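Notes follow once the structure below has been shown.
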Amino acid sequence: MLGGKRVFQMLVKMEKQPNASSSASSSASASAPLRSTGQIGSDIRALRRSRNWTLSDLADHLERSVGWLSQVERGVSEPALEDIRRIAGLFNLPVSFFFSSSSDDPESQFVVRGDSRRSMSDDTKGLVESLLSPDLGGAFEIVHSVFAPGARCPEPFVRQSEEAGYVIEGSLVLFIDGDRFELRAGDSFRFAGETVSWVNEGTVPAILIWVIAPPIY
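The numbering of the sequence shown is our numbering, which starts it at 103 and goes up by one.
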């Protein structure tokens with residue numbers, strides 16, 4: 103799919119520091135600007151497609167017109183903050199996901215700096231995820247995941263995507279179609295369409311790089 107070995111060799115060279123705390127992520131949205139209209143539209147389109155929703159489906163959830171949503175996705179119109187809040191809630195994302203300290207920087211469409219990652223979750227459930235890809239508009243997304251000691255998948259899940267991962271630090275137990283796999287630093291995996299769950303039975307955080315195609319967030 104991605105030339106997996108080369109992808110992981112490249113990604114593992116990234117710094118191993120976990121994301122900033124959820125409180126810092128939340129406060130960032132108060133001071134950081136919204137991402138550019140085109141970037142937001144591209145992300146919203148990718149999020150909608152990850153649910154296999156039509157424009158009409160998402161517009162209904164947002165209580166907005168299909169025409170308005172189409173303009174937002176094409177970068178013609180900019181959503182209001184209340185629209186951003188609703189979209190974030192629908193896709194279980196923090197509002198800060200749609201804010202960026204470098205949205206006007208030309209490199210932002212190609213490069214994600216370590217201190218500018220967009221948070222995709224908070225630490226309330228023992229899993230902190232941040233986006234390593236510049237946006238959600240590509241054929242795949244790269245996610246930095248930190249599983250706290252004792253963190254457990256709320257329930258098994260099945261996703262219509264191909265997923266691969268690499269363990270940077272710690273250990274993680276992965277269940278794929280009921281089979282148990284104990285993963286340690288240096289191990290990697292791949293699955294596509296199977297029933298999956300996980301638990302961190304270790305005493306230290308498990309840090310993984312996750313590659314997902316197509317994007318699911």
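Ideal Cβ positions, reconstructed from N, Cα and C, are used throughout, including at glycine.
In this text, all values refer to a predicted model and were calculated from it rather than measured experimentally.
query	result
Is the region 144-163 close to the region 232-240, with three or more CB pairs under 8 Å?	yes
Please state if the CB of residue 244 and the CB of residue 181 are separated by a distance shorter than 9 Å.	no
Residue 249: buried (16+ other C-beta within 10 angstroms of its C-beta) or exposed?	buried
Alpha carbon to alpha carbon, how far is residue 166 from residue 316? Give it in angstroms, no decimals.	26 Å
Do residue 247 and residue 294 have their C-beta atoms within less than 9 Å of each other?	no
Mapping the DSSP letters down to three states, classify residue 146 as helix, strand or coil.	helix
With DSSP as the reference, label residue 250 as helix, strand or coil.	coil
Going by the beta-carbon positions, is the gap between residue 303 and residue 252 smaller than 9 Å?	yes
Roughly how many whole angstroms lie between the Cα atoms of residue 211 and residue 234?	12 Å
Is the distance from the Cβ of residue 276 to the Cβ of residue 259 below 9 Å?	no
Can you check which of these residues, 219, 193, 284, is closest to residue 300 by C-alpha distance?	284
Could you give the first and the last residue of the continuous alpha helix (DSSP H) run that contains residue 184?	183-192
Give the C-beta separation of residue 309 and residue 270 to the nearest angstrom, bearing in mind that I take them to be a contact with Cβ-Cβ under 8 Å.	4 Å
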